[in-house]
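Per this note's numbering, residue -8 is the first one in the sequence shown, and the count goes up by one each step.
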Amino acid sequence: MTEQRRIPRALVVLLCTAGAVVTLAGIREAGSIIGPVLLALVLVLAVTPVRTWLERRGAPGWTLVAAPLTLVLLLLLSLVAVLALSAAQLATLASTYGQQFDQFVVQVQQFAERLGIGSKEVNQAIRTLDPGKVFGLVSGFASGLLGVFSSLVIIVIVVLAMCLDARAVTRILSSDMARERSELVGALGGFAHNTRRYLVVSTVFGLICSVLDAIALWVLGVPLPILWGVLALFTNYVPNIGFVIGLIPPALLGLLQGGPKTMLLVIACYIAINFVIQSLIQPKFLGDAVGLSTTVTMMSLLLWAFVLGPLGALLAIPLSLLARALLVDSDPRGQWAAAFISGRAPQDDSVKASPGGPAQGGKPAKPS
């Protein structure tokens, strides 16, 4: 009897890494198509409870498609309008404060000379803080998202197709054939549940933060407070560094408008509002829905932003949850890898038995 040879683990790791690189490179090359498709998937998952609610109340079949599609269209049109207005305002903002920034440079140079610091070094350091570059960065972020949302034809067609197939997919995932792949069905159910929970909680607390930020900026006299409040809402979906991205433009405007005191007050207000809401309150409602450690979350942000641009940064968490569901949670032998991804030891992982959580050797989660 011949002894069965096992593939060396190092070779398996290299092959998997090479496959991941090729796959991500292909996704990046086809990002103009795959990005809107992934966005459509996340949007359909977000409005699925509406379809479920209508179905339970015996609504006509056409409403199960029309209602979610209408909600998605209203959301997309609103986002496109906000992003278009933001990009236009940001384009004119850089030139408006050019003179104020030059005056600020002169004041800093005079102050540095009184302290005995060479003006050449100070001038070089301050010139790197050109407000046009900062506003251009934020404007590029908004323009990049606007470019994705401008593909409304692709997004609407994909959303319509997904809404039409939603009932059939639900029946397939609930059929007897799905029991043979209970781990995969459970993983997909957990992905859908956790993604909706993440989107709902992030949106609610993002709205709270954006409103409070806009009020604080209005009280401090910073221009365009509503625009920066909307930016704070979008950056709330960007894990870890979203708060900093939303803070830089209003802080710089506060410096140019009211001096260092206004800038420090803007920074203090943002830190107080975002720390209390996003660091103390939001995690209690979000719980273990994300299931990603801090390191994995940061790496996911860098990876998806590199692959899909600004849209990848916004959808970093849902896309990472999808990758985890397909590659880790669907494999009965993936508990060890799941522990590293979530940052929780298997014996301490209380998400195993949670409703809609990823299946870990138990019954599959109910598809939705």
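Note that CB positions come from ideal geometry on N, CA and C, so glycine has one too.
Quick caveat: nothing in here was measured; it's all calculated off a predicted structure.
Distance from LEU283 to ILE332 at the Cβ level is roughly 6 Å; contact confirmed, criterion being Cβ atoms closer than 8 Å.
Looking from the CA of GLY325, the closest CA among LEU175, VAL235, PRO230 belongs to LEU175.
If you look at GLY237, you'll find it in the alpha helix (DSSP H) that goes 233 to 249. Put simply, of LYS275, GLY250, ILE146, PHE234 the residue whose alpha carbon is nearest the alpha carbon of VAL192 is LYS275. Residue state for LEU305 is assigned as helix, using DSSP reduced to three classes. VAL150 and VAL229 do not touch by the CB rule: their CB atoms are close to 23 Å apart, not below 8 Å. Contiguous alpha helix (DSSP H) elements confined to the region 13 to 81 occur at 22 to 47, taking only those with 4 or more residues. Taking a cut-off of 8 Å on C-beta distances, the region 303 to 322 does not touch the region 237 to 245, as fewer than three cross pairs fall below it.
In terms of CA proximity to PRO216, VAL257 leads the group ASN231, VAL257, LEU164. Annotation for VAL41: ALA58, PRO59 place their beta carbon closer than 6 Å to its own, counting only its chain and skipping 5 residues before and after. Here PRO(-1) carries a coil assignment [DSSP, helix/strand/coil]. Rounded to whole angstroms, the gap between the alpha carbons of LEU29 and TRP295 is 12 Å.
Residue range 143 to 164 is occupied by the alpha helix (DSSP H) that includes ASP156. Secondary structure of SER173 (DSSP, three-state): helix.
Exclusion of the five residues before and after VAL35 leaves PRO59, VAL63, VAL150, MET153, CYS154, ALA157 as the residues of its chain whose Cβ lies within less than 8 Å of its Cβ. Taking C-beta atoms as the reference points, ILE146 and ALA31 count as a pair closer than 7 Å.
In the structure shown, LEU215 adopts coil according to DSSP, grouped into three states.
Put simply, the backbone Cα of ALA159 is about 17 Å away from that of GLY49.
For ARG172 and TRP53, the gap between their C-alpha atoms comes out near 31 Å. In the displayed model, PRO274 falls within a helix according to three-state DSSP. Its Cα nearest to that of ASN265, the residue ASN227 stands out among ASN227, THR39, THR285, LEU302.
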